[in-house]
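A short worksheet on the structure shown next.
Numbering (the working numbering), first residue to last: 201 to 455.
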């Protein structure tokens with residue numbers, strides 16, 4: 201099997217002691233690529249160090265996470281833009297809207313999101329979207345950019361069939377991770393209905409570990425449990441799930 205983890209924060213402190221063993225475990229399963237989303241200026245150095253350590257396997261994105269949009273968001277965006285001028289990145293992400301924790305900077309979140317989408321369009325690279333308690337606002341904000349050809353992934357999708365249709369109608373993909381293994385999520389039933397045409401795999405490590413590791417540190421080798429759940433829901437083999445979702449990831453990021 202060839203598998204791609206389209207979203208994992210493997211540069212965080214949680215992995216400092218055993219990142220080499222973690223990558224090896226994932227490689228043994230068949231994970232060939234790890235896509236590393238940006239959050240804010242604090243993680244850039246560690247993320248780029250990891251990418252350099254595993255060339256051709258770890259790929260850095262650049263972006264300002266909506267939860268990192270604060271008073272200083274323009275300064276954060278300036279730093280990101282400087283990096284985008286310095287070198288190429290595979291995507292801009294993770295970016296989007298999050299109204300779950302705090303609505304203080306709603307206006308600034310919209311501004312940061314739109315600006316970063318324009319940067320992606322200008323560079324003909326995809327985006328990776330984080331949305332929480334803001335699905336309709338996110339879809340509506342993406343729509344005019346999608347009409348101009350912007351593509352990407354709605355990471356950690358956990359919405360309804362109607363929301364999935366809105367996203368895929370825009371030409372975007374659904375990032376499916378550990379939540380699919382949670383009985384209460386209803387995500388396995390949704391995948392059974394909509395199939396894998398617009399699905400990519402992710403772990404969001406170190407967060408959202410699949411059953412039986414819920415509540416513990418997540419890692420890319422746990423994609424196996426996500427693939428098993430999807431295979432069960434779709435009546436496909438593990439190899440078929442891996443092949444379809446890997447091909448989809450390559451459509452987003454390139455081979």
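For glycine and all other residues, C-beta sits at the position ideal for the given N, C-alpha and C.
Since this is a predicted model, take the numbers as computed values, not measurements.
query: Flag this pair as yes or no: are the beta carbons of residue 402 and residue 434 separated by less than 9 angstroms?; result: no
query: Is the segment 435-445 touching the segment 243-262, taking contact as three or more C-beta pairs under 8 angstroms?; result: no
query: Looking only at DSSP bridge pairs, what is residue 234 linked to?; result: 205 and 258
query: Of all the alpha helix (DSSP H) runs that stay within the bounds of the segment 265-337, which reach a length of 4 or more residues?; result: 273-286 and 306-323
query: Taking the alpha carbon of residue 298 as the reference point, which residue from 335, 219 and 249 has its own alpha carbon closest?; result: 335
query: From the DSSP output, read off the bridge partner residues of residue 405.; result: 208
query: Please identify the residue among 350, 261, 237 and 201 whose C-alpha is closest to the C-alpha of residue 228.; result: 201
query: Cβ atoms of residue 291 and residue 352: under 9 angstroms apart, would you say?; result: yes
query: Going by CA-CA distance only, name the one from 385, 406 and 305 that's closest to residue 270.; result: 305
query: Quick check on the burial criterion: 16 or more other C-beta atoms within 10 angstroms. Buried or exposed for residue 301?; result: exposed
query: Give the range of the beta strand (DSSP E) segment to which residue 373 is assigned.; result: 373-376
query: Can you list, in chain order, the residues of its chain whose CB lies under 8 angstroms from that of residue 333, leaving out five sequence neighbours each side?; result: 298, 299 and 300
query: Would you mind sorting residue 285 into buried or exposed? The rule is 16 or more other CB atoms within 10 Å of its CB.; result: exposed
query: Considering residue 354, what are the terminal residues of the beta strand (DSSP E) in which it resides?; result: 352-354
query: Compare the C-alpha of residue 350 against each of 320, 272, 263 and 238 and name the closest.; result: 320
query: State whether the segment 377-388 contacts the segment 362-369, with contact taken as three or more CB pairs (one from each stretch) at a distance under 8 angstroms.; result: no
query: Kindly indicate which residue of 235, 279, 268 and 282 has the alpha-carbon position closest to the one of residue 260.; result: 235
query: Sort 210, 238 and 309 by Cα distance to residue 272 and report the nearest one.; result: 309
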